[in-house]
Each structure stands twice: as C-alpha cells, then as structure tokens.
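See structure below.
Numbering (my numbering), first residue to last: 10 to 204.
Shown next, in the form of structure tokens:
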C-alpha cells in the first residue's frame, strides 16, 4: 500500500510540474531579433515576448544600435548621438582601398547631441578578421579632449600609417566612456573596403 501511495504522489507531482512548465512556456517565448532584417546580424536570446509585449535587452540596444543606455532611478534612458566620420589621405576623401595599400590617413569625427558626460574616447580599426588596433585614445583632462558638458564637437585624429594587407571590410569604431561607467560604448562605425 505504501508503494502505491508513493507512486500516486510521484505521478501527481510530475504531472503538475510538467503542466506548470508548459504554461510558463506559453506565457513567454524567446524572440529572435534581426537588425535591419539581416540574418547575419541576428541576435540570439536578445528578446522575449510576454503577454504580447516585446522586451529587448538593453545590451542589444546599446551594441547593435550604437546607443548609450544609462540606468538610473528605476528607468533606462537611451541616448543615440549623431556621429559622422570621414577618412582622408591628404586632400582625398576615401572609403575604399586596394589590397596591400599602405598609406597615411586621418579621420575627422563630428559629434552632436551627445547628452551624457564622457571621460574618455577612442578610435580603433579592425581588420576583416576582427583583429583590432588602437588608433588614438583621449581622456578627460587632456588638452584635446572636449570640454565637460559639451554635446557637440569635432575631433581630428592624427595621421596614422596603416597596411590594408587583407581583402575585405575594415571597420573604424569610435567609442566613448560615459562618466561613471567602466567600459567604452561604440557609438559609430565606418567601413573601409579593401579589394
């Protein structure tokens, strides 16, 4: 008789447990997120649907939309600054190079509507395989750093010599470190194609 009771309790417990899991799965479901409808930029586990409402991770918003997400007082504030980058070699503006070209170039960066204060900025270039090289970094207190509270500014990055020795897309990344944060946030990218 004791065995029958244990068996009944075990079957009842498993039935309730499986029913709860099935119910929870029907209330919320994971969501695949495509950026600009590109499968190559799909974000796994980036969102969830609960009661027909879509919730997207603030990290996805920050990384994929190149925005700064600040969490304060129980709310998340999204800042999307307007950033333009222009690359030039001497008087010539360029966005493409020949594979194997090694030349000196500089980058002009124009930023406006950068609302949060920053204490550092940097420009990097990544080759087609993702290996990243630091071009320039500035921090608060440097003579060429934007003044505190300044939301609109121009930066001219010093000339660098770079070897575009691989075919593919090279990516310039402009990042800032918001005051009080420990990591840089990419707020603009520019592609230089090497053929």
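Virtual Cβ for every residue (Gly too), placed ideally from N, Cα, C.
When you compare only the Cα positions, how much space is there between residue 100 and residue 46?
37 Å
Would you identify the three-state DSSP class for residue 72, choosing helix, strand or coil?
helix
Note down, one range per segment and in chain order, each alpha helix (DSSP H) of at least 4 residues found wholly within the stretch 137 to 174.
none
Going by other Cβ atoms of all chains shown within 10 Å of its Cβ, with 16 needed for buried, is residue 186 buried or exposed?
buried
Taking the alpha-carbon positions, what's the residue 111 to residue 184 distance?
25 Å
Please report the straight-line C-alpha distance between residue 109 and residue 203, rounded to a whole angstrom.
8 Å
Compute the Euclidean distance between the alpha carbons of residue 31 and residue 38, then round it to the nearest angstrom.
Confidence at residue 31 is low in this model, with a pLDDT of 45, below 50, so its placement is unreliable and no value can be given for it.
Helix, strand or coil at residue 67 according to DSSP, with G and I counted as helix:
helix
Could you compute how far the alpha carbon of residue 164 sits from the alpha carbon of residue 133?
14 Å
Quick one: what's residue 192 bridged to in DSSP?
Bridge partners of residue 192: none, in fact.
Output the boundary residues of the beta strand (DSSP E) element that contains residue 204.
Segment: none, residue 204 is in no beta strand (DSSP E) and carries neither H nor E.
Near residue 135, what residues of its chain come up, given a Cβ to Cβ distance below 6 Å and the 5 sequence neighbours on each side ignored?
141 and 180
Which word fits residue 159, buried or exposed, when buried means at least 16 other C-beta atoms lie within 10 angstroms of its C-beta?
exposed
Beta-bridge pairing of residue 121 - partner residues as DSSP gives them:
91
CA-to-CA distance, residue 65 to residue 58, given in whole angstroms:
9 Å
Taking the alpha carbon of residue 172 as the point to measure from, which residue in 85, 107 and 96 has its own alpha carbon closest?
107
For residue 69 and residue 131, I'd like the C-alpha separation in whole angstroms.
21 Å
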